[in-house]
Amino acid sequence: MKPPVPDARAAPGPAPAGGVFNVDRTNSLNQTLRKVTGLLGVGRILGRKDSNGEASTSDRGAEDCSPTDSGGPSLTESKSFASDASDGNGEPCVASPSYPFDTSSRGIGSENSRLPGGRATDAARVARFKKILAAQSVDVDALRELAWSGVPPFLRPTVWRLLLGYASPNADRRDAALARKRQEYMDCVPQYYDIPDADRTEDEIVMLHQIGVDAPRTLPEVPFFQEPVIQTTLKRILYIWAIRHPASGYVQGINDLATPFIVVFLSEYLEGDIDMWDLSKLSPGIISKVEADSFGCLSKLLDGIQDHYTFAQPGIQRLVFRFKELVRRIDEPVAKHLEQEGLEFLQFSFRWLNCLLIREIPFQLVGRLWDTWLAEADNFPEYLVYVCASFLLTWSDQLQQLDFQEMILFLQTIPTKNWTHQELEMVLSRAFMWRVMFDRSPSHLNSG
Amino acid sequence: MGSMGMGSQTATVSPLAKYKLVFLGDQSVGKTSIITRFMYDKFDNTYQATIGIDFLSKTMYLEDRTVRLQLWDTAGQERFRSLIPSYIRDSSVAVVVYDVSNRQSFLNTARWVEEVRTERGSDVIIMLVGNKTDLVDKRQVSIEEGDAKAKDFGVMFIETSSKAGFNIKALFRKIAAALPGMEALSSHKDKDDLVDVNLKPTQNSQAEGKAGGCAC
């Protein structure tokens, strides 16, 4: 492999010699992954490998270097903080003790509170979120930039609705529009779901049956998902989505994709550990809201990746192809090893892409992952490929020691059980960095 | 089966004979359950749906030899079908599963068998499996029908219950008994021709440890 951007190798920085573009760059990145604590280290790496290959300063603070946070100026010149802090959802702007997806991050949060910015739990970041959200017309691009690095859990419901375009950025119209969308969804229930099988087509009956089989085995590790009220909610969301998207219909794995929304929208009404959530406290009206919002947001998410789930799943096939190509360019030894062992990318990455990595990481980290997914918006499928590469190459060294069988077994149950936000954010940041490198230089790293 | 003698001769010097099996059948007929019962001798109602293809491996110690079975567990849902042909091409055994309490899944076995024949011709062992015999009251397909259908296809047949643990070992022993012993040589030549064979058994046993394989 040719060293493509000599300047970048000479960039200042405390990282081990060898440079990011050398053959052993993966080793150094892996070391970084193991050793770096918090985004400060990631920031350095990002600074070093900046855009055009120019040596950029490595002594910038973590905040300035954090992936999409380069828009600091636009944020400071954004609208003044409105005194009307209501965001249309009547949410308290105070963090309650514990949130879903947040159980493993508390320790890290406190550790990183020493660093400037960088963390979703940081007070300055929370203030910036609140400022954006309080605007008469929310600057969704600014919100996107900020959300990319993680959304404070108590703001997630509001932020996700906005990022997906489900809620209106305009504060005046937001509540009425949401009420209308929720009603539209609730009108679908009697129309599509609460009807006798005689009024369904053969295909619809099969689909409903499949959804009925999959609902109880969705997120089996979270007890409240087995509650009848949530089972019904999930089945209706999936079935109504499928009916309204006949090109794909219900595809297994979409059930997984609905779960983060259900959990996040429930978190507006329930506190504490999700294992302890008591749904009996919630009125049917609240459940309906949660259900409608989950449906609306799932629909928006899937709109961007519809061809992942249509016949022969061309969207996934395309991403697998690009994933393989990308790994070949980033880490040729691993790519060669996989090829020599006869391991196809499709064999291990199909589920990654079909379920957007949701099954590959602990559920409490999924919210954090989805902050970035949703912030990517239209660029999401492309970024997903980079994240898959970053995820896979986290284990670059180990993989090269394994044969076909060992590799595929390893990749099927990839060891992320003890991951915290830190490991996940390392994967996301490295993916971001690679995208910057490769997108601006489509072929210069070709190892031909 | 005719070449069994040859197989046991080579087994002493060559790595474990490896065989690839692909599990086919409609959604929710119990493919994953059968494999999990075989691998870990357990049953769980709450498997997540298989997305795409899962891989599992287990070593079987037979009277005259030891074989390693590599199992491809396919997703049953229609949408994932386009993935499956390459796994069928790669497998010397196809296990076609239906649910005895679901007639449609039984009728659809014809499509699966046909797909296997298309990819592999006659160079394949096919086993038809009627699963969920524990659902006595809900049975829609009799054992006689299953047997007749298997004869019709010209394939082997067995009924199982992965929930009750019924006939699961018998299923795999039946398959193992039908494996051609020569396969060890050819599959060995295919992939490992540059590897010192003496090294392989050690690697294999390590791999098995990780895969949770054991004598059955």
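First to last, the protein sequences are chains A and B. Counted the way the numbering used here counts, the first sequence spans residues 108 to 555. Counted the way the numbering used here counts, the second sequence spans residues 108 to 323. The C-beta atom is built at its ideal place from N, Cα and C for all residues, glycine as well.
- Neighbours of A217 of chain B in chain A, taken as residues whose beta carbon is under 9 angstroms from its own, are absent, since the nearest beta carbon is some 18 angstroms off.
- Using a Cβ-Cβ distance cut-off of 8 angstroms, the segment 271 to 288 of chain A and the segment 518 to 535 of chain A are not in contact, since fewer than three pairs of beta carbons, one from each stretch, lie closer than that value.
- With a cutoff of 8 angstroms on beta-carbon distance, Q471 of chain A and F208 of chain A are scored as near each other.
- With contacts defined as CB atoms closer than 8 angstroms, T501 of chain A and V473 of chain A fail to qualify as a contacting pair.
- Residues of chain B whose Cβ lies closer than 9 angstroms to the Cβ of Q420 of chain A are, in chain order, R186, F187, S189 and L190.
- Scanning the segment 145 to 198 of chain B from its first residue to its last, the whole beta strand (DSSP E) runs of 3-plus residues come out as 160 to 168 and 173 to 181.
- Beta-bridge analysis with DSSP links I232 of chain B to B:V200.
- With a threshold of 8 angstroms between beta carbons, S269 of chain B makes no contact with chain A.
- Secondary structure of S140 of chain B (DSSP, three-state): helix.
- Chain order gives the chain B residues near V320 of chain A as Q134, S135 and A156, where near means a beta carbon separation below 9 angstroms.
- DSSP places F208 of chain A in the coil class of the three-state scheme, outside both helix and strand.
- I232 of chain B has its alpha-carbon roughly 8 angstroms from the corresponding atom of L286 of chain B.
- Straight across, the Cα-Cα distance linking K431 of chain A with F452 of chain A is about 6 angstroms.
- For F213 of chain B, no chain A residue has a C-beta closer than 8 angstroms to its own C-beta; the minimum C-beta separation is roughly 15 angstroms.
- Beyond the five residues adjoining it in sequence on each side, I195 of chain B comes within less than 6 angstroms, by CB distance, of V129, V223 and E226 in the same chain, given in chain order.
- For V494 of chain A, no pairing in a beta bridge is given by DSSP.
- At the C-beta level, T366 of chain A and T340 of chain A stay beyond 8 angstroms of one another.
- For E378 of chain A, the closest C-alpha among the options A:D546, A:A254 and A:F261 is that of A:F261.
- By the Cβ-count criterion, S268 of chain B is buried, with 16 or more other Cβ atoms from all chains shown falling within 10 Å of its own Cβ.
- In the same chain as R458 of chain A, and ignoring 5 residues on each side of it, the C-beta atoms closer than 7 angstroms to its own belong to R466, in chain order.
- Unbroken alpha helix (DSSP H) runs of no fewer than 4 residues, entirely contained in the segment 415 to 468 of chain A, are found at 421 to 437, 439 to 447 and 452 to 461, following chain order.
- In its chain, beyond the 5 residues on either side, Y292, I344, I347 and W348 have a beta carbon closer than 7 angstroms to the beta carbon of F402 of chain A.
- Chain-ordered, the chain A residues with CB closer than 7 angstroms to the CB of Q177 of chain B read Q512.
- Among the bridge pairs identified by DSSP, K407 of chain A is matched with none.
- About 12 angstroms separates the beta carbons of L278 of chain B and V203 of chain B, which is beyond the 8 angstroms limit, so they are not a contact pair.
- Interface criterion met: the Cβ of I515 of chain A is under 8 angstroms from a Cβ in chain B.
- A residue is called buried when at least 16 other Cβ atoms come within 10 angstroms of its Cβ; V243 of chain B does not meet this threshold and is exposed.
- In terms of Cα proximity to K239 of chain B, the closest of B:W219, B:I275, B:G183 and B:G228 is B:I275.
- Following the DSSP letters along the chain, one finds K237 of chain A inside the alpha helix (DSSP H) bounded by residues A230 to A241.
- Scanning B:V174, B:L190, B:T181 and B:S189 for the CA closest to the CA of S140 of chain B turns up B:T181.
- For the segment 452 to 480 of chain A, the residues whose beta carbon sits under 8 angstroms from a beta carbon of chain B are, in order, L453, Q454, F457, R458, N461, C462 and R466.
- Sorting A:L409, A:T527 and A:K396 by C-alpha distance to the C-alpha of G356 of chain A places A:L409 at the top.
- Nearest in C-alpha terms to L235 of chain B, of all of B:D171, B:S212 and B:G228, is B:S212.
- A:F331 is the residue among A:G411, A:A496 and A:F331 whose C-alpha sits nearest the C-alpha of S374 of chain A.
- Beta-bridge pairing by DSSP links S244 of chain A to A:N277.
- If the five residues before and after L190 of chain B are omitted, its C-beta is found closer than 7 angstroms to the C-beta atoms of G159 and I160, all from its own chain and listed in chain order.
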